[in-house]
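S.K.:
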Amino acid sequence: MDAITQVPLPANEPVHDYAPHSPERSRLVAALDALAADPIDLPHVIAGEHRLGAGNAWTSSSRTGTATGWAR
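Taking the numbering used here, the leading residue of the sequence shown gets 10, the next gets one more, and so forth.
1) Please list, in chain order, all residues of the same chain as A28 whose beta carbon is under 7 angstroms from its beta carbon, the five residues on each side excluded.
2) By the three-class DSSP mapping on this structure, what secondary structure does E22 have?
3) Cα separation between S69 and P17?
4) Where does the unbroken beta strand (DSSP E) through V54 begin, and where does it stop?
5) Roughly how far, in whole angstroms, is the beta-carbon of G62 from the beta-carbon of H53, given that I think they are within contact range, below 8 angstroms?
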(Lines of atoms letter the chains of each structure in order from A and count residues from 1; the text may use other names and numbers.)
(Lines give C-alpha, C1' and ligand atoms only; values in the text may rest on other atoms or scores of the structure.)
Protein backbone atom coordinates (compact mmCIF):
# COMPACT_ATOMS: atom_id res chain seq x y z
CA MET A 1 0.00 0.00 0.00
CA ASP A 2 1.38 3.39 -1.00
CA ALA A 3 0.82 6.20 1.53
CA ILE A 4 1.84 9.03 -0.80
CA THR A 5 -1.15 11.21 -1.60
CA GLN A 6 -1.79 14.35 -3.59
CA VAL A 7 -3.06 16.98 -1.17
CA PRO A 8 -5.18 19.64 -2.89
CA LEU A 9 -4.25 23.28 -2.46
CA PRO A 10 -6.39 25.02 0.14
CA ALA A 11 -9.09 27.20 -1.35
CA ASN A 12 -11.18 29.34 0.98
CA GLU A 13 -13.78 31.98 0.50
CA PRO A 14 -12.41 35.46 -0.15
CA VAL A 15 -11.17 37.35 2.90
CA HIS A 16 -13.09 40.58 3.46
CA ASP A 17 -11.74 43.47 5.52
CA TYR A 18 -15.19 44.84 6.49
CA ALA A 19 -13.93 48.41 6.24
CA PRO A 20 -16.33 51.17 7.28
CA HIS A 21 -18.88 51.97 4.56
CA SER A 22 -17.89 48.90 2.50
CA PRO A 23 -20.61 46.67 1.00
CA GLU A 24 -19.35 43.70 3.06
CA ARG A 25 -19.69 45.62 6.32
CA SER A 26 -23.15 46.90 5.36
CA ARG A 27 -24.34 43.32 4.75
CA LEU A 28 -22.81 42.18 8.04
CA VAL A 29 -24.44 44.97 10.05
CA ALA A 30 -27.80 44.28 8.39
CA ALA A 31 -27.54 40.57 9.25
CA LEU A 32 -26.65 41.33 12.89
CA ASP A 33 -29.53 43.81 13.15
CA ALA A 34 -31.91 41.16 11.79
CA LEU A 35 -30.69 38.68 14.42
CA ALA A 36 -31.16 41.21 17.22
CA ALA A 37 -34.66 42.13 15.99
CA ASP A 38 -35.93 38.55 16.37
CA PRO A 39 -33.93 36.66 19.04
CA ILE A 40 -34.21 32.89 19.08
CA ASP A 41 -34.98 30.73 22.11
CA LEU A 42 -32.23 28.26 22.94
CA PRO A 43 -33.82 25.14 24.44
CA HIS A 44 -32.11 22.67 26.73
CA VAL A 45 -31.69 19.20 25.25
CA ILE A 46 -32.08 16.61 27.99
CA ALA A 47 -32.17 12.94 27.03
CA GLY A 48 -32.81 13.97 23.43
CA GLU A 49 -35.84 16.08 24.35
CA HIS A 50 -35.88 19.83 23.75
CA ARG A 51 -37.06 21.72 26.84
CA LEU A 52 -37.38 25.42 27.48
CA GLY A 53 -36.03 26.65 30.79
CA ALA A 54 -38.44 27.32 33.65
CA GLY A 55 -36.39 30.04 35.37
CA ASN A 56 -35.81 33.67 34.56
CA ALA A 57 -34.83 34.33 30.96
CA TRP A 58 -31.55 36.05 30.15
CA THR A 59 -30.30 37.52 26.90
CA SER A 60 -27.04 36.45 25.32
CA SER A 61 -24.39 38.89 24.21
CA SER A 62 -21.26 38.86 22.13
CA ARG A 63 -17.87 38.18 23.69
CA THR A 64 -16.91 41.81 23.23
CA GLY A 65 -20.16 43.11 24.67
CA THR A 66 -20.78 45.26 21.60
CA ALA A 67 -23.84 43.36 20.40
CA THR A 68 -26.67 41.88 22.44
CA GLY A 69 -29.99 40.19 22.04
CA TRP A 70 -29.40 37.42 19.51
CA ALA A 71 -30.72 34.64 21.70
CA ARG A 72 -32.41 34.12 25.03
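Where is the CB? At the ideal position from N, CA and C, for every residue including glycine.
M.R.: Answer, in terms of the structure:
1) R34
2) coil
3) 39 angstroms
4) H53 to I55
5) 6 angstroms
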